[in-house]
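Have a look at the structure below before the remarks.
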Amino acid sequence: MNADFHEQSADAKQALAGGSPQRVGWFRFYFADQRWEWSEQVQRMHGYEPGTVTPNTDLVLSHKHPDDRHQVAATIDEVLQTRQPFSTRHRIVDTEGTVHQVVVVGDQLTDDSGAVIGTQGYYVDITAASLRLRDDVITAEVAEIAEKRAAIEQAKGMLMLVYGIDADAAFALLKWRSQESNVKLRLLAEQITEDFRAMDGSGIKSRAPFDHLLLTADQRLADRTGTSAEQAQLRSTT
């Protein structure tokens, strides 16, 4: 996947407006030198002020809950060997000792020649208390979405089933992907629903195919409509 997580829309920083710290953020992991990059949101999720930490694999693993650390280390080893998309649900412990439930999803990071040089994706904090959206931060966009609930609910249901998360976490994930890709939530939900339905579940042994579809849905939407993400967004409002 070639989308530049560094240049994501500023709107993505408000994926869960009203929460502090932010509950969704991006990461990058470069295979050659084992170098990690965390967005401001992911740094805060781990308890750091932005710019005060340079993550590496040892630091990443040190923040995993002791009961989950082996699982995550094995996942990292597998990604290094297979260079395939991945997803994992586990607990992290921030610098204050607070435990957070997170889902981490990564897709392939490629260079200009198409060679896989790492993995990039997102963290979403699904800790129950952090996912309750307050009435006073519901935006006009959410009000619009409510009128078109069917597509959103279908996509939410599929994400809940695939990733084992609750409805609030599924909606937060959809909203963040919508804002990060600058595509209307309804359009993105429809594309994700279409993509997931097209999968032949009988032959799927892991979540990796779903991870890839989720992280690249906006690209297929643009290809299908023959428009850029920005044009698709404007078209949906007319």
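FYI, UniProt numbering numbers position 160 of the sequence shown as 160, with every residue one higher than the one before it.
Built from N, CA and C at the ideal position, the CB exists for glycine as well.
The structure presented is a predicted model; accordingly, all values stated were derived computationally and were not measured.
- Shortest Cα-Cα distance from Phe-31 to any of Ala-155, Ile-76, Gly-114, His-46 involves Ile-76.
- The C-beta of His-70 has fewer than 16 other C-beta atoms within 10 Å across all chains shown, which makes the residue exposed.
- CA-CA distance, Gln-219 to Ala-167, rounds to 25 Å.
- Take the alpha-carbon of Val-116 and the one of Thr-110: they are about 4 Å apart.
- For Ser-87, the beta-bridge partners assigned by DSSP are Val-105.
- Membership of Asp-77 in the alpha helix (DSSP H) is indicated by the continuous run 69 to 82.
- If you look at Glu-190, you'll find it isn't in any beta strand (DSSP E); it sits in the alpha helix (DSSP H) that goes 185 to 198.
- DSSP places Glu-180 within a helical segment (H, G or I) once states are collapsed to three.
- Cβ-Cβ distances below 6 Å link Val-102 to Ile-92, Tyr-123, Asp-125 in the same chain, with the five nearest sequence neighbours on each side left out; the list follows chain order.
- In terms of CA proximity to Gly-164, Val-104 leads the group Asp-223, Gln-108, Val-104.
- In this structure Arg-149 is exposed. Its beta-carbon is surrounded by fewer than 16 other beta-carbon atoms within 10 angstroms.
- Residue state for Ile-126 is assigned as coil, using DSSP reduced to three classes.
- Our two residues, Thr-82 and Ala-208, have alpha carbons roughly 11 Å apart in a direct line.
- In this structure, DSSP gives Gln-34 a state outside helix and strand, which the three-state scheme calls coil.
- In this model, Trp-26 and Gly-106 are separated by some 9 Å (Cα to Cα).
- Scanning Glu-190, Asp-211, Arg-197 for the CA closest to the CA of Arg-224 turns up Glu-190.
- Buried is the label assigned to Leu-174, since at least 16 other Cβ atoms lie within 10 Å of its Cβ.
- Excluding sequence positions up to five before and after Asp-67, its CB lies within less than 8 Å of the CB of Arg-91, all in the same chain and listed in chain order.
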